[in-house]
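S.K.:
Chains as they are written, first to last, in my numbering: chain A, -15 to 358; chain B, -15 to 358.
1. In chain order, what residues of the segment 137 to 149 of chain B put their CB closer than 8 Å to some CB of chain A?
2. Does the distance from the CB of residue 80 of chain A to the CB of residue 295 of chain A come in under 8 Å?
3. Roughly how many angstroms lie between the CA atoms of residue 106 of chain B and residue 177 of chain B, to the nearest whole one?
4. Against chain A, does residue 125 of chain B count as a neighbour if the rule is that its beta carbon must be under 8 Å from one of theirs?
5. Quick one: which chain A residues come within Cβ less than 9 Å of residue 56 of chain B?
6. Can you list the residues of chain B that residue 295 of chain A reaches, using a CB-CB cut of under 8 Å?
7. Please look up how many angstroms separate the CB atoms of residue 61 of chain B and residue 185 of chain A, rounded, as I've assumed it's under 8 Å.
8. Are the C-beta atoms of residue 260 of chain A and some chain B residue less than 8 Å apart?
9. Classify residue 22 of chain A: buried if its beta carbon has 16 or more other beta carbons within 10 angstroms, exposed otherwise.
10. Measuring alpha carbon to alpha carbon, tell me which residue in B/141, B/15, B/169, B/318 is nearest residue 148 of chain A.
11. So, is residue 349 of chain A buried or exposed, given that buried needs 16 or more other C-beta atoms within 10 angstroms?
12. Using a C-beta cutoff of 8 Å, does residue 80 of chain A count as contacting chain B?
13. According to DSSP, simplified to helix, strand and coil, what is residue 300 of chain A?
14. Rounded C-beta distance between residue 211 of chain A and residue 236 of chain A? I'm assuming under 8 Å.
15. For residue 26 of chain A, which residues in chain B fall below 7 Å Cβ to Cβ?
16. So, for residue 264 of chain B: in the same chain, excluding its five sequence neighbours on each side, which residues have a beta-carbon less than 7 Å away from its beta-carbon?
17. Residues of chain D with CB closer than 7 Å to the CB of residue -7 of chain A, please, in chain order.
18. How would you label residue 355 of chain A, buried or exposed, when you count the other beta carbons within 10 angstroms and need 16 or more for buried?
19. Is the CB of residue 129 of chain B under 8 Å away from at least one CB in chain A?
20. Please report the residue range of the alpha helix (DSSP H) in which residue 60 of chain B lies.
21. Would you call the CB atoms of residue 164 of chain A and residue 120 of chain A closer than 8 Å?
22. Hey, does residue 73 of chain A have any beta-carbon neighbour from chain B nearer than 8 Å?
23. Could you spell out the range, first to last residue, of the alpha helix (DSSP H) harbouring residue 33 of chain A?
24. Give me the chain A residues within the contact set of residue 233 of chain B, using Cβ-Cβ distance strictly less than 7 Å, ordered along the chain.
25. Quick one: Cα of residue 339 of chain A to Cα of residue 113 of chain A, how far?
26. So is residue 15 of chain A in contact with chain B if we call contact Cβ pairs under 8 Å?
27. Please go through the same chain and pick out, in chain order, the residues whose beta-carbon is closer than 8 Å to the beta-carbon of residue 18 of chain A, but skip the five residues on each side of it.
28. Report the residue from A/7, A/305, A/233 whose alpha carbon sits nearest the alpha carbon of residue 268 of chain A.
29. Smallest Cα separation from residue 199 of chain A: which of A/345, A/213, A/226?
30. Can you give me the start and stop residues for the alpha helix (DSSP H) that residue 311 of chain A sits inside?
31. Where DSSP assigns a beta bridge to residue 294 of chain B, which residues make up the other side?
32. Spatial neighbours of residue 140 of chain A within its chain, please: CB distance less than 6 Å, with the 5 preceding and 5 following residues excluded, ordered by chain position.
33. Taking residue 24 of chain B as the reference, which of A/122, A/35, A/101 has the closest Cα?
34. So who's on the other strand from residue 45 of chain A, going by DSSP bridges?
35. Run the CB neighbour count on residue 183 of chain A, radius 10 Å, all protein chains shown included, and call it buried at 16 or more, exposed below.
36. How should residue 40 of chain A be labelled, buried or exposed, when 16 other C-beta atoms within 10 angstroms of its C-beta is the threshold for buried?
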């Protein structure tokens, strides 16, 4: 099989580029002096190769060819071969990964993807909407009531805040069934199909318990932070869950893995159906270009993998809906958290405005017609 | 309970320090506008507090008080509250964590610790020695033979390279029993008690299988990269393993968590008995001060937790043994990988030199006497 092509950006003088590139290829494979390797097969088939070196002003980009066999087609070793030891070298950044034909299909990719999420929520020809249950520490009744308000207003997805997990004030086993009941009741009243995505958190044993509770309660979606539970667990837990998963970027800011690689390609490869990321101009410093690249990684071609739904977030508000739709199109879920809750008594009304604005916007091509009709 | 005190270093103008500190306290707790919170109890007991702000030349240090209840005494939420969202803010670094009395004991800490590792290997009054099975991609027979050579030379611990996992060329179920047998035979011949620490890698299911295979083979130690398997899994898998674990820093270079916090305090809290880290002056850029601070975090006071063994590594060689012992003292394991293998035919002899040099060095106080006698 061809090599996995990983591009690293190294902040070092160009005069060092060849030596640094070769050291990196060794570090990310056999991790020992090549002179001490006597087996020709290992030098040929196992040691990573330097495919190219491209100099820039203050750094150079090195493409390293990693032998797929060294990853064992398994995510913890894939992460290890891509960014295990060199994560400890602050001057090295992983900026791109390209898999050879036949590699990505060893991983599940999104089980539902964008179409599955549209089937689930009935949202057709428009972007999806998402609101958040906050703040952590609230009584379960608060979350249930808030979920009812959002669902009555027709939001597509209601997610737990990622910090609302299994704490004593709102343990998973009390909170999740209560919130799901509130959403079910609202759905019966409106004829809608709002979905609740609770936070799954903890070790494998806790996650298995949470999956059982969620199944019993009729939960139809899950929120998981892959870097908090661990990448291999994120992958494996989905086999039990059987519902679409939304990936949250908490703890994923290793920053020296370019966000489109980690949040886009890797999270999707491991099965994320929807991918939350901090949109530009909010509380986080990602540029618009980075955000568009994340969306591309989530939805673009990736051998056999279903597209995942990009979810721009992190301090968004109603007045950015049109701009976000223009950036990301309709295969997107718009997530507004504090921006809705700041309305306080007017929460229900502001949530309806959010939902209506996204519905009216519809498919970008139709927008002119819809707006003149609205 | 008192708050968890987390110190963040923020690279921003001092004029913004108050606003940035308050935004961070909100981000790392309720993550919504405080004005939209009506429940006084949440404002008082759940919202993180700004404890202090200390300005420096180009940055300021902010101490945030995190309510322990928001972590649910559970590692994925602890990581989330400490560095979940702010991991996505490149100007924010987590530089210190202090737990209030009674908090750390909710986590197991090292089950064996330094004394347990001394009991296991019989290494008393001196530093421990460690060598590595490399390169990945070699046949199982190569690893078994190499392990036999190291064990005959009297190395205390033989670890798999962290890239030697469960790949097709050397699957865990063939490699680990074969290597353990080679080590057992050498131990019978020498009367020594060399220990083999194979790499555990993959998702929870694979790890459970590996634990069973290792138990059946009589394996007495494990090598795990907590960031590759995920922090909660690292914690939970130890209940099954029942042997000391050595933590490897692969994929842990989030860099904006200070290494003494992540590799030292957190890995130890989760049970690491020995902690591998890249020593200064090797292939990685950690400073001597950082390395000494990691060793301090591994061995220093941490409420009720056993001390963990620091394992400086990453391009070490025989000629640095004395210097490392002088830096770290005898409660240390010296790990030399490529530096031994580079001896090729003279591997056995160089390994013996390594072992002898550490044995002779013995306890620093005794060194003069021993050396004059040797």
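We put the CB at the ideal spot given by N, CA and C, even for glycine.
M.R.: On the basis of the supplied data:
1. 145, 146, 147, 149
2. no
3. 7 Å
4. Cβ-Cβ to chain A under 8 Å: no for residue 125 of chain B.
5. Neighbourhood of residue 56 of chain B in chain A, by CB distance below 9 Å: 149, 150, 151, 152, 155, 185, 186, in chain order.
6. Result: empty, since nearest Cβ-Cβ is about 14 Å, beyond 8 Å.
7. With 8 Å as the limit, residue 61 of chain B and residue 185 of chain A qualify as a contact, their Cβ atoms being about 6 Å apart.
8. no
9. exposed
10. B/15
11. With a pLDDT of 47 at residue 349 of chain A, under the threshold of 50, the modelled position of this residue cannot be trusted; read the value that follows with caution. Residue 349 of chain A counts as exposed, since fewer than 16 other C-beta atoms from the protein chains shown sit within 10 angstroms of its C-beta.
12. no
13. coil
14. 4 Å
15. 119, 121, 122
16. Counting only Cβ-Cβ distances below 7 Å, and skipping sequence neighbours, we find 270, 271, 272, 275.
17. In summary, chain D is missing from the structure at hand, where the protein chains are A and B.
18. Confidence in residue 355 of chain A is poor, its pLDDT being 38 and thus under 50, which makes the residue's placement unreliable; the coordinate value appears in the next sentence. So residue 355 of chain A ends up on the exposed side.
19. no
20. 59 to 67
21. For residue 164 of chain A and residue 120 of chain A, no; Cβs fall outside 8 Å.
22. yes
23. No alpha helix (DSSP H) contains residue 33 of chain A, which is instead part of the beta strand (DSSP E) from 33 to 39.
24. The contacting residues are 72.
25. 7 Å
26. yes
27. 10, 27, 31
28. Closest option to residue 268 of chain A, Cα to Cα, is A/233.
29. Closest option to residue 199 of chain A, judged by alpha-carbon separation, among A/345, A/213, A/226: A/226.
30. 305 to 312
31. B/259
32. So the list reads 105, 107, 112, 113, once near-sequence residues are dropped.
33. A/122
34. A/-7, A/38
35. With 16 or more Cβ atoms within 10 Å of its Cβ, residue 183 of chain A is classed as buried.
36. Exposed, because fewer than 16 other Cβ atoms sit within 10 Å of the Cβ of residue 40 of chain A.
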